[in-house]
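Since the structure comes first, as structure tokens, the remarks are kept for the end.
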Amino acid sequence: MAKVKIMKKQWLPILAPKIFQNAVLGETFVYEPEQMVGKGIIKNLMHLTNDAKRQNINVKFRIVNVQNGKAFTDVLGYYMIQSSVRRLVRRNIEKISMSFSCKTSDNKDLQIKPLLITRAATTGSVASKIRKNTQDFLIKYIRAISYDNFINDLVNHKLQSSLKRDMSKIYPLRVCEIRSMEIIDLEKKEQAKSKVKADEHIKTAEKGKEGKKEEPKKAEESKATEKEKPAEAKEAKETVKKEEKTSESKDASVKEEKTEQKE
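Numbering (the numbering used here), first residue to last: 712 to 974.
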């Protein structure tokens with residue numbers, strides 16, 4: 712009789728990329744190490760840099776490889792915590808935010824969402840100029856470097872400082888941050904958009920068919936109501952006649968009572 716192999720789970724450490732000195736992000740308990748590939752983990756930047764000022768940033772990692780009982784990761788996203796964004800916004804200042812896609816020198820597609828806050832309220836033309844120049848600056852900056860160098864500049868705040876220095880020439884800025892950054896799959900994104908459009912087209916077509924089906928029903932209902940109208944009119948006339956007769960009989964009885972009283 713063949714022996715049944717008993718699978719045992721094992722603890723495997725998850726390591727950050729070289730930019731974070733391969734720091735341990737956590738551990739996972741799995742049967743097969745290959746099951747970990749593609750899984751994600753989120754870590755606060757403060758724990759990776761030992762800098763309390765970076766506690767408002769979360770970094771998302773994805774496991775890309777498992778070797779020698781260790782899981783290695785890449786940076787998948789960089790996000791500001793929403794509560795920290797709300798604390799930055801105050802009255803009588805301008806919050807300038809945007810979202811656009813760009814590409815690194817090693818062909819990594821990114822979705823970038825900068826956040827700029829001015830020192831005072833501005834006009835619409837100034838805000839639109841800052842928005843346009845910010846997008847142009849970041850697209851040019853990111854296109855010239857690799858993804859790893861971009862993450863390094865982002866974590867070390869080099870990118871934000873360069874952007875703030877350049878945009879402050881237009882109007883003084885109080886805050887200049889990257890609110891969100893993530894790697895995107897443009898093919899999947901386009902497929903998702905086309906699927907949504909196809910679903911909407913199908914729904915509109917189904918609604919049109921239902922409307923055509925309901926048209927003859929409505930016509931039949933209108934005909935039935937038209938047929939019912941004369942019958943209802945007859946009933947109304949009969950009720951009016953009955954009411955008139957009852958009123959006449961009441962008047963006659965009242966007259967008789969009055970004549971009897973006179974006699």
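Don't be surprised by glycine CBs; every beta carbon is placed ideally from N, CA and C.
In this text the structure is predicted, and so the values were computed from the model without any measurement.
Assuming Leu759 and Val770 are in contact, meaning their beta carbons sit under 8 Å apart, how far apart are those beta carbons, in whole angstroms? Taking the sequence shown and counting its residues from 1, one reaches residue 759 at position 48. Taking the sequence shown and counting its residues from 1, one reaches residue 770 at position 59. Correct: roughly 7 Å between the Cβ atoms.
### Query
Which residues in the same chain have their Cβ closer than 6 Å to the Cβ of Arg890, if we skip the five residues on either side of it in sequence?
Here residue 890 refers to the residue found at position 179 when the sequence shown is read from its first residue. Contacts found: Met791, Lys824 and Leu826.
Q. In three-state DSSP terms, what is Gln732?
A. Locating residue 732 in the sequence shown gives position 21, where the first residue counts as 1. In the structure shown, Gln732 sits in coil (DSSP, three-state: anything other than H, G, I, E or B).
Check your understanding: How is Ser810 classed by DSSP in three states: helix, strand or coil?
Key -> On the sequence shown, position 99 is the one that residue 810 refers to. Coil at Ser810, not helix or strand.
**Request:** Give the single residue among Met809, Lys781 and Ala831 whose Cα lies nearest to the Cα of Arg802.
**Result:** Working through the sequence shown from its first residue, we reach residue 802 at position 91. Cα-wise, what sits closest to Arg802 is Ala831.
Q. Out of curiosity, what's the CA-to-CA distance linking Glu738 and Cys887?
A. Looking up residue 738 in the sequence shown gives position 27. Looking up residue 887 in the sequence shown gives position 176. Distance between the alpha carbons of Glu738 and Cys887 is about 35 Å.
Discussion item. Bridge partners for Pro724 per DSSP, in chain order?
Written reply: Sequence index remark: in the sequence shown, residue 724 carries index 13 (1-based). According to DSSP, which records beta bridges pairwise, Pro724 is partnered with Glu738.
In chain order, what residues of the same chain lie with their CB nearer than 6 Å to the CB of Val748, ignoring the 5 residues before and after it? If you number the sequence shown from 1, residue 748 lands on position 37. Around Val748: Ile774.
- Determine the burial state of Phe772: buried for a count of at least 16 other Cβ atoms within 10 Å of its Cβ, exposed for fewer. The residue labelled residue 772 in the question sits at position 61 within the sequence shown. Phe772 is buried by the Cβ-count criterion.
ask   = What are the boundary residues of the beta strand (DSSP E) that Val796 is part of?
value = As a working mapping, residue 796 is identified with position 85 in the sequence shown. Run containing Val796: none in the beta strand (DSSP E); it sits in the alpha helix (DSSP H), Gln793 to Leu799.
Exercise. Thinking just about the alpha-carbon of each residue, which of Ser812, Tyr789 and Lys843 is nearest to the one in Asn867?
Worked result: Residue numbering aside, residue 867 sits at position 156 when the sequence shown is read from its first letter. The residue from Ser812, Tyr789 and Lys843 with its alpha-carbon nearest to that of Asn867 is Tyr789.
Less than 8 Å between the C-beta atoms of Phe861 and Thr815, yes or no?
Along the sequence shown, read from residue 1 onward, the residue named residue 861 stands at position 150. Along the sequence shown, read from residue 1 onward, the residue named residue 815 stands at position 104. Yes. Within cutoff.
* From the DSSP output, in three-state form, read off Asn860 for me. => Counting from 1 along the sequence shown, the entry for residue 860 is found at position 149. Three-state DSSP puts Asn860 in a helix.
If you drop the 5 nearest sequence neighbours on each side, which residues of the same chain put their C-beta closer than 7 Å to that of Phe731? Mapped onto the sequence shown, residue 731 falls at position 20. So the qualifying residues of the chain are Leu759.
Practice item. Alpha carbon to alpha carbon, how far is Lys754 from Ser808? Give it in angstroms, no decimals. Key: The count along the sequence shown starts at 1 and reaches residue 808 at position 97. The count along the sequence shown starts at 1 and reaches residue 754 at position 43. Rounded to the nearest angstrom, the two C-alpha atoms are 24 Å apart.
Task: Opposing strand residues paired with Gly788 [DSSP bridges] - done: Here residue 788 is taken as the residue at index 77 of the sequence shown, counted from 1. In the DSSP output, where bridge partners are listed per residue, Gly788 has Lys771 and Glu893.
Would Leu787 and Glu893 be called neighbours here (beta carbons separated by less than 8 Å)? Counted from its first residue, the sequence shown places residue 787 at position 76. Counted from its first residue, the sequence shown places residue 893 at position 182. In this structure, Glu893 lies closer than 8 Å to Leu787 by Cβ.
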